[in-house]
Structures are given as structure tokens and as C-alpha cells.
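**Q** Got a structure for you, questions after.
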Amino acid sequence: HLFLGYLYESLEENEKALSSYQAAKKIKPEAGYIHYQIGLHLGKLYIERNPHQAIKEFSLQMKYLPKNPELEFYLGTAYYLMGNYRMALKKFNRSLEFNPQNAVVQSNLGFLYFDLARYQEAIKTFKKAIEIDPNYPDPYYGLASVYEKLIEKKEAMENWEKYITLGKDPRWIATAKEHLKKLK
Numbered sequence: 133h134l135f136l137g138y139l140y141e142s143l144e145e146n147e148k149a150l151s152s153y154q155a156a157k158k159i160k161p162e163a164g165y166i167h168y169q170i171g172l173h174l175g176k177l178y179i180e181r182n183p184h185q186a187i188k189e190f191s192l193q194m195k196y197l198p199k200n201p202e203l204e205f206y207l208g209t210a211y212y213l214m215g216n217y218r219m220a221l222k223k224f225n226r227s228l229e230f231n232p233q234n235a236v237v238q239s240n241l242g243f244l245y246f247d248l249a250r251y252q253e254a255i256k257t258f259k260k261a262i263e264i265d266p267n268y269p270d271p272y273y274g275l276a277s278v279y280e281k282l283i284e285k286k287e288a289m290e291n292w293e294k295y296i297t298l299g300k301d302p303r304w305i306a307t308a309k310e311h312l313k314k315l316k
């Protein structure tokens, strides 16, 4: 069941992964790593639907792995979705203390700075994310948003175009195209 959970996890089928991990827990209830996987997947499932519950699940898992950058990131994301920017900032920075070369965390931190109207910090953070992984699309979306807000048309257009090239989600690509069209 544990390996089936890993398989479902790799396919991003979190509901099925969670069911497999819960079945593994029935077989070996004393295994801490199974509890960790259950908590992690409950948190992932709750993060958008119920960030309060996600925070509860991730916080419980911090007892098993107190220095886990992934848990810090997910806690930061849940706090961010709740609008608790102070705690989100703390958790994203804590995650980066353990792994400063994580483009996803850097990018999310950039979006947080954007929402806090800390535009220069957002630009710096998005550029750091791009430096780490130039093929990760999200920081280009963030940079385009910041530059558009600062009325720096050329830079905004360049980053919208880059996002459109690299982006995977058709909804966000469509939004980027709308922004680009308005700037032309």
C-alpha cells in the first residue's frame, strides 16, 4: 500500500495516494513515515478547500520532521491563502533557510511581496527564482504582473511572452494573453 501511495503521489492523484497511505497505516500503525505521508496529503487536499485544516495537518507533521522545508512551504502557502501574510512570510523564509535553491518557494515569496506592494523585493525574488530554474513559468508571470503595475510596459510584455511560452495551465496562459493584448 505504501508504494501504491507513492505511485499515486507521482501521478498527482492525492485522494488515491491518501487512501493507500491510510491502508498502509492499518498494517503498520507504528511507522512514523506513514503518518507523515498521511498528514502531508491531507494538508495538500485541504490547502485550497480548507487552509485552516491544512495548517492543522501540517503543524502536526512538524512534530515528526521539525526541519522539513516542504512542510514549511506548505504551511506558508496555507497562511498565504488565508491572508495571514505575516505567517506566510515567516514560513516561506524558513523553508528557504533549509533550501534556498527552491524556485517554487522563491516564486511564491515573490507573489507574497507583490501582494504586500513590496515591488522591488518581488522583482528581486522572482529574478532569483528564474536564476534557479529558467524554465519554471510562474516567476515570469509574477515579474510581468509587477512590471505592469509599475507601468514598465516593455519588461511586462517580455515576461508575459515568456510565461505564455513556458506556461502549462491554459487558464493562466489565457490571462497572460489578455494582459499582453492590453499592453500592445
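Just add 132 to the spot in the sequence shown (first one is 1) and you have the numbering used here. For each residue, glycine too, the CB sits at the ideal point set by N, CA and C.
Where does Asn392 land, buried or exposed, given buried means 16+ other C-beta within 10 angstroms?
**A** Any question about residue 392 goes unanswered here, given that the chain covers just 133 to 316.
**Q** I want to know whether the region 182 to 195 touches the region 224 to 238 - three or more CB-CB distances under 8 Å.
**A** no
**Q** Which of the three DSSP states is assigned to Asp265 in this structure?
**A** coil
**Q** Which residue comes first and which comes last in the alpha helix (DSSP H) that contains His184?
**A** 183 to 194
**Q** Can you grab the Cα-Cα spacing for the pair Pro198 / Leu312, in whole Å?
**A** 43 Å
**Q** State buried or exposed for His184, treating a residue as buried only when at least 16 other CB atoms are found within 10 Å of its CB.
**A** Per the 10 Å Cβ criterion, exposed.
**Q** CA-CA distance, Met289 and Gly208?
**A** 30 Å
**Q** Helix, strand or coil for Arg250? Go by DSSP, reduced to three states.
**A** In the three-state DSSP reduction, Arg250 falls in the coil class, being neither helix nor strand.
**Q** Taking Pro201 as the reference, which of Lys188, Asp247, Gly215, Val237 has the closest Cα?
**A** Val237
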